[in-house]
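Trainee:
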Amino acid sequence: MKTLLLNSAEKAADFLLKGEVVAIPTETVYGLAADALNENAVKKIFEAKDRPSDNPLIVHIADFEEIYNFTQNLPKEVEVLAKKFWPGPLTIIVKKNNIIPDIVTAGLDSVAIRMPDLNITRDLIKLLNRPLAAPSANLSGRPSPTSYKHVLNDLDEKIPAILMGPDCTVGVESTVIDLTSNPICLLRPGKITAEEISNVINKKVYVDKSVDHLISDLKDVKSPGVKYKHYSPKTRVILVKTDKNKFAKFINSKPECVAMAFNEDAEFIKNPNFISYGSENSQTQQLSRLFDALRKIDSYNKKLAYVRISEDKEKLNLAVFNRLLRAAAFNVIDLN
Ligand code: AMP
Ligand code: MG
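Counting with my numbering, you get residues 551 to 886 for the letters of the sequence shown.
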């Protein structure tokens, strides 16, 4: 099947109403969308991505009131959080009702909901008058796509269409918090931090251990996505916790490897295979460049890539660290 590039919400709606999948832009990463209320359509998402069927999808809405159609027993925090962060990169997990098909939530009795902050995407949802189920539009396990070209690289000829939009401004997937647990729990870090959420709801937000630790016992996994290999280039990745001088010394003796670090490292690095993922002093820039940088690693055709992470706790963004840990299968060297 030829994958068409679409330039209007109306054309994308035509495909979605027929029960097809379409890749859509959002501010976080590109998503692979289907009508969330059409079981057969949702099935096609899992097939195209080769996604394990026990990994639930996020349901995207365009107006806050839609949330009442698909959920029950909403805690009071939902309205407060939506008012502050929606539309935006925050996904909340709440109790579902039986309008949402089981395939969307992988049989769980909770559902993940978000309102994306991109007009064309909300226009599309409004045109359909139905919620969109959408995980990231990458092949399962690969780095998430932050441009429509990334989606084409992964899913060309596997999906009928891509709605073209701008490159993603946030660049990593949404923050996921579970409002059904007590205490409220952050399952996936994103641009919006646990501290920001905690300040808005006036409650402590517990950060799930899996965010920055390898969970060896699968029964301790709270978010099914955590079980799977994630965000990986084909090249093996190892993280190196150190400063720019020590990293340069380390990597300059390894010209056969890829070196990924910050803009500030560039002048010290003699290794020809250098990739920057933004300034060490701008976490926003690191988030927006991270997945493109991880995708570039493979273009060097090397066996190994070393990625520098900041040894300064203040500069090490939890969402960046979380994605890099998974890309590196939790392999970290500390040079200090
Ligand atoms: P993706 O959109 O591909 O980034 O995947 C959505 C993420 O949200 C995955 O990590 C899922 O495991 C997680 N998720 C979705 N729904 C639920 C739920 N009901 N309970 C826990 N985690 C969920
Ligand atoms: Mg994903």
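By construction, the Cβ of each residue, glycine as well, lies at the ideal position given by its N, Cα and C atoms. The structure displayed is predicted, hence computed values, not measured ones.
On a CA-only basis, which of Leu729, Lys852 and Thr641 is nearest Pro805? Give me that one, please.
Mentor: Checking every option, the nearest Cα to that of Pro805 belongs to Lys852.
Trainee: Using a strict less-than 6 angstroms threshold between each residue's beta carbon and the heavy atoms of ligand 1, what residues do you get?
Mentor: Here the residues come out as Asn605, Pro606, Ile608, Ile643, Thr655, Leu658, Ser660, Val661, Ala662, Pro685, Ser686, Glu723, Val726, Leu737, Arg738, Ser773, Pro774 and Gly775.
Trainee: Just to confirm the assignment, what range does the beta strand (DSSP E) spanning Lys676 have?
Mentor: First-last for Lys676: Asn669 to Leu678, but that is the alpha helix (DSSP H), not the beta strand (DSSP E).
Trainee: Measure the C-alpha to C-alpha separation of Ala811 and Pro651 and round it to an integer number of angstroms.
Mentor: Spanning the two alpha carbons is a distance of roughly 43 angstroms.
Trainee: Closer than 8 angstroms by C-beta to Leu737: which residues in its own chain qualify, once you throw out the five before and the five after it? Chain order, please.
Mentor: Within the same chain, Leu737 has close Cβ partners Ile643, Val726, Ile727, Asp728, Asp758, Ser760, Val761, Lys772, Ser773 and Val776.
Trainee: First and last residue of the alpha helix (DSSP H) that includes Val870?
Mentor: First-last of the alpha helix (DSSP H) with Val870: Leu868 to Ala877.
Trainee: Give me the Cα-Cα distance between Leu682 and Ala586, rounded to the nearest whole angstrom.
Mentor: Between Leu682 and Ala586, the C-alpha separation is close to 5 angstroms.
Trainee: Among Arg858, Glu817, Asn823 and Leu854, whose alpha-carbon lies nearest the alpha-carbon of Gln836?
Mentor: Considering only alpha carbons, the answer is Arg858.
Trainee: Return the residue from the list Gly657, Thr576, Val630 and Ile709 that minimises the CA-CA distance to Glu597.
Mentor: For the residues Gly657, Thr576, Val630 and Ile709, the minimum Cα distance to Glu597 belongs to Ile709.
Trainee: Between the beta-carbon of Ile724 and the beta-carbon of Arg664, is there less than 7 angstroms?
Mentor: Going by the sequence as given, residue 724 is Ser instead of Ile. Yes. Within cutoff.
Trainee: Grouping DSSP H, G and I as helix and E and B as strand, with all else coil, what is Lys852?
Mentor: Of the three classes helix, strand and coil, the one that applies to Lys852 here is coil, per DSSP.
Trainee: Put Gly691 into one of helix, strand or coil per three-state DSSP.
Mentor: Coil.
Trainee: Give me the Cα-Cα distance between Ser782 and Asn872, rounded to the nearest whole angstrom.
Mentor: Distance between the alpha carbons of Ser782 and Asn872 is about 12 angstroms.
Trainee: Using the DSSP secondary-structure output, state which residues sit across from Lys646 in a beta bridge.
Mentor: Looking at the DSSP assignment, Lys646 forms a beta bridge with Thr621.
Trainee: Within 10 Å of its beta-carbon, does Leu705 have 16 or more other beta-carbons around it, so buried, or fewer, so exposed?
Mentor: It is buried - the Cβ of Leu705 has at least 16 other Cβ atoms within 10 Å.
Trainee: Reducing DSSP to helix, strand and coil, say where Arg738 ends up.
Mentor: Three-state DSSP puts Arg738 in a strand.
Trainee: My guess is that Ser748 and Lys741 are in contact by the Cβ rule of under 8 angstroms, so how many angstroms apart are they, rounded?
Mentor: That belief does not hold up - the Cβ atoms of Ser748 and Lys741 are roughly 15 angstroms apart, past 8 angstroms.
Trainee: Can you give me the C-alpha to C-alpha distance between Ala798 and Asp862, rounded to a whole angstrom?
Mentor: Roughly 17 angstroms separates the two Cα atoms.
Trainee: For a test of the three-state rule: what should DSSP assign to Ala656, helix, strand or coil?
Mentor: If DSSP states are grouped into helix, strand and coil, Ala656 belongs with coil.
Trainee: Do you know offhand how far Ala662's Cα is from Asn886's?
Mentor: If I take the Cα positions, the gap works out to 40 angstroms.
Trainee: Report yes or no: do the region 630-640 and the region 597-607 share at least 3 C-beta pairs separated by less than 8 angstroms?
Mentor: Counting Cβ pairs under 8 angstroms, fewer than three are found: no touch.
Trainee: Ile712: buried (16+ other C-beta within 10 angstroms of its C-beta) or exposed?
Mentor: Buried: at least 16 other Cβ atoms inside 10 Å.
Trainee: Going by DSSP, what residues sit across from Ser686 in a beta bridge?
Mentor: For Ser686, which the question treats as bridged, DSSP gives the partners Gly581.
Trainee: I'd like the list of long-range same chain contacts for Glu557, defined as Cβ closer than 6 angstroms, with 5 residues on each side in sequence excluded.
Mentor: Note on identity: in this sequence residue 557 is Asn, with Glu being the wrong assignment. Closer than 6 angstroms at Cβ, skipping near neighbours: Met714.
Trainee: What does the alpha-carbon distance come out to for the pair Leu874 and Thr655?
Mentor: Between Leu874 and Thr655, the C-alpha separation is close to 26 angstroms.
Trainee: Bridge partners for Phe880 per DSSP, in chain order?
Mentor: Paired residues: none, contrary to the question.
Trainee: Could you check what DSSP says for Lys791 in three-state terms: helix, strand or coil?
Mentor: DSSP places Lys791 in strand when its eight states are reduced to three.
Trainee: Output needed for Asp600: all residues of its chain with C-beta closer than 7 angstroms, excluding positions within five of it in sequence on either side, in chain order.
Mentor: Cβ within range, chain order: Leu689 and Ser690.
Trainee: Hey, would you say Glu814 sits closer than 7 angstroms to Glu830, going by beta carbons?
Mentor: Yes. Within cutoff.
Trainee: Could you tell me if Asp842 is buried or exposed, where buried requires 16 or more neighbouring beta carbons within 10 angstroms of its beta carbon?
Mentor: The residue is buried, with at least 16 neighbouring Cβ atoms inside 10 Å.
Trainee: By the DSSP assignment, the alpha helix (DSSP H) with Thr719 in it spans what residues?
Mentor: Element bounds for Thr719: n/a, residue is neither H nor E.
Trainee: Going by other Cβ atoms of all chains shown within 10 Å of its Cβ, with 16 needed for buried, is Asn823 buried or exposed?
Mentor: Buried, since its Cβ has 16 or more Cβ neighbours within 10 Å.
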